[in-house]
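Asks:
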């Protein structure tokens with residue numbers, strides 16, 4: 009088991025948003041978080057990313073509690089700067105991981121749009137650009153919050169390939185969604 | 007180091023692309039300084055006497071202008087999460103932001119201060135002391151402002167809270183900066199004042215990024 013969470017609980021202010029979340033995901037495994045709006049799916053992802061700290065419970069990756077640089081996340085915001093071109097938006101991620109940004113764009117069907125300012129992108133194209141940034145990361149743990157939001161069928165298929173490559177390399181993936189994702193053999197965890 | 011350069015490149019590229027921040031701050035600086043002769047009167051001796059004070063206060067206010075968007079834009083669109091997840095130390099992110107703030111705000115204002123000081127009849131022989139002090143002080147101010155911008159992140163009415171946090175802490179900079187220029191204008195040595203400004207910068211150089219980094223982590227966790 010690479011990702012190991014035991015009895016995680018999280019307060020936001022006075023409100024308990026997550027209670028007793030436990031999960032274990034093996035190398036190459038995927039976990040889908042489901043549940044109604046407000047069930048704490050996004051909070052759970054921020055917790056697994058190490059952005060939020062759990063108020064109770066333990067979280068380890070490869071037996072290590074330090075999550076710095078372990079996780080890459082696609083939040084519900086795309087974090088795309090409209091003033092920069094697609095390639096410039098990816099420049100930081102590419103510089104950190106040393107991977108090839110144009111190849112990542114091509115994998116998500118944006119190969120021809122590398123030098124187009126992101127403000128001209130549609131919502132689905134921005135989502136794909138955010139996914140391209142995710143795929144540039146060397147992080148072994150991918151956290152996806154509604155990854156298919158605004159994507160067409162062809163793009164969902166491309167996303168499926170990118171995710172399959174990540175899992176084949178031993179990566180771990182946790183996704184929160186209401187829709188069906190191209191994730192074969194994924195475990196499911198329902199949040200109440 | 008790669009990460010630091012990458013963040014700095016990204017910041018400068020966005021400042022260049024949007025093209026609004028630096029000219030707006032410079033224009034603000036110019037207008038505020040130009041208002042004083044209109045309000046006080048054009049007497050050259052009087053203007054020369056208060057020139058350092060005018061320029062220092064105007065520079066301080068102009069430095070505040072871009073601060074409330076320094077982290078807020080990245081916080082709102084999710085970019086801050088991406089930066090924090092990248093594994094780069096939060097203090098390094100904060101330091102890159104502070105340096106970008108100084109390069110796009112502090113440095114241009116130091117350059118613009120020279121013609122404005124001459125316009126206010128400030129004696130030319132004291133100009134290096136004024137500009138040197140302003141260079142040291144504006145760098146300290148960028149670091150101080152970065153901490154405040156990180157602290158108010160996510161707070162309601164953060165834009166109003168920000169000047170209230172920064173301005174009291176910036177008083178030593180204004181005092182020693184203006185006093186140094188005054189001393190040079192009177193034919194005395196500006197060195198003690200400049201050294202105190204340098205000391206402020208030396209102290210805030212390690213402390214400010216650490217404090218701002220911790221504040222960024224808190225803002226993301228909230």
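Protein chains in written order, with the numbering used here: chain A, 9 to 200; chain B, 7 to 228.
Glycine included, C-beta positions come from ideal geometry on N, C-alpha and C.
Keep in mind the model is a prediction, meaning the values are calculated, not measured.
1) Look at the alpha carbon of residue 98/A and the alpha carbon of residue 13/A, and state the distance between them as a whole number of angstroms.
2) Near residue 59/A, what residues of its chain come up, given a Cβ to Cβ distance below 6 Å and the 5 sequence neighbours on each side ignored?
3) What residues from chain A crowd round residue 110/B, counting only those whose CB sits closer than 8 Å?
4) For the candidate residues 68/A, 83/A, 177/A and 32/A, whose alpha-carbon lies nearest to that of residue 146/A?
5) Between the beta-carbon of residue 168/B and the beta-carbon of residue 109/B, is there less than 8 Å?
6) Closer than 7 Å, Cβ to any Cβ of chain A: which residues of the segment 74 to 94 of chain B, in chain order?
7) For chain A, find out if any of its Cβ atoms is closer than 8 Å to the Cβ of residue 124/B; answer yes or no.
8) Considering only C-alpha positions, which residue in the set 118/B, 59/B and 189/B is nearest to residue 28/B?
9) Please state whether DSSP places residue 80/B in a helix, a strand or coil.
10) Just mark residue 50/B as buried or exposed, buried being the case when its beta carbon has 16 or more other beta carbons within 10 Å.
11) Within 8 Å (strictly less), CB to CB, does residue 127/A reach chain B?
12) Quick check: is the beta carbon of residue 76/A nearer than 8 Å to any beta carbon in chain B?
13) Quick check on residue 110/B: does DSSP put it in helix, strand or coil?
14) Near residue 32/A, which residues of its chain fall below 8 Å by C-beta distance, leaving aside the five closest residues on each side in sequence?
15) What ranges does the beta strand (DSSP E) occupy inside the segment 51 to 121 of chain A, keeping only unbroken runs of at least 3 residues that lie completely in it?
16) Helix, strand or coil for residue 123/A, going by three-state DSSP, please let me know.
17) What's the C-alpha gap between residue 61/B and residue 39/B?
18) Which value, in whole angstroms, describes the spacing of the CA atoms of residue 90/A and residue 201/B?
19) Just to confirm the assignment, what range does the alpha helix (DSSP H) spanning residue 199/B have?
20) Just checking residue 161/A against the ligand COA - is the residue's beta carbon closer than 7 Å to any of the ligand's heavy atoms?
21) Pair every Cβ in the segment 77 to 86 of chain A with every Cβ in the segment 128 to 147 of chain A, then say whether three or more of these pairs are closer than 8 Å.
22) What residues of chain E sit near residue 20/B, judged by a beta carbon separation below 7 Å?
23) Nearest-angstrom Cα distance between residue 128/A and residue 68/B?
24) Taking its Cβ as the centre, do 16 or more other Cβ atoms sit within 10 Å of residue 161/B, making it buried, or is it exposed?
25) Under the three-state reduction of DSSP, which class applies to residue 196/A: helix, strand or coil?
26) Exposed or buried, what is residue 134/A when buried is set at 16 or more other beta-carbons lying within 10 Å of its beta-carbon?
27) What number of angstroms, rounded off, separates the C-alpha of residue 41/B from the C-alpha of residue 174/B?
28) At least one CB of chain A closer than 8 Å to the CB of residue 157/B: is that the case?
29) Mind listing the chain A neighbours of residue 226/B? Cutoff is C-beta to C-beta under 7 Å, in chain order.
30) Per DSSP, what are the beta-bridge partners of residue 12/A in this structure?
31) Residues of chain B with CB closer than 9 Å to the CB of residue 85/A, please, in chain order.
32) Could you pull the DSSP bridge partners for residue 87/B from this structure?
33) Provide the residue(s) that pair with residue 182/A in DSSP beta bridges, ordered along the chain.
34) Quick one: what's residue 20/A bridged to in DSSP?
Replies: Taking the geometry as given:
1) 31 Å
2) none
3) Those within 8 Å of residue 110/B in chain A number zero; the least Cβ separation is about 14 Å.
4) 177/A
5) no
6) 83, 84, 85, 87, 88, 90, 91, 92 and 93
7) no
8) 118/B
9) helix
10) exposed
11) no
12) yes
13) helix
14) 9, 11, 12 and 13
15) 64 to 69 and 79 to 82
16) coil
17) 6 Å
18) 43 Å
19) 197 to 227
20) As for the ligand COA, it is missing from this structure, which has no ligand bound.
21) yes
22) The structure shown contains no chain E; its protein chains are A and B.
23) 32 Å
24) exposed
25) strand
26) buried
27) 24 Å
28) no
29) 59
30) 32/A and 68/A
31) 82, 83, 84, 85 and 87
32) Its beta-bridge partners do not exist; DSSP assigns none.
33) 39/A and 151/A
34) 23/A
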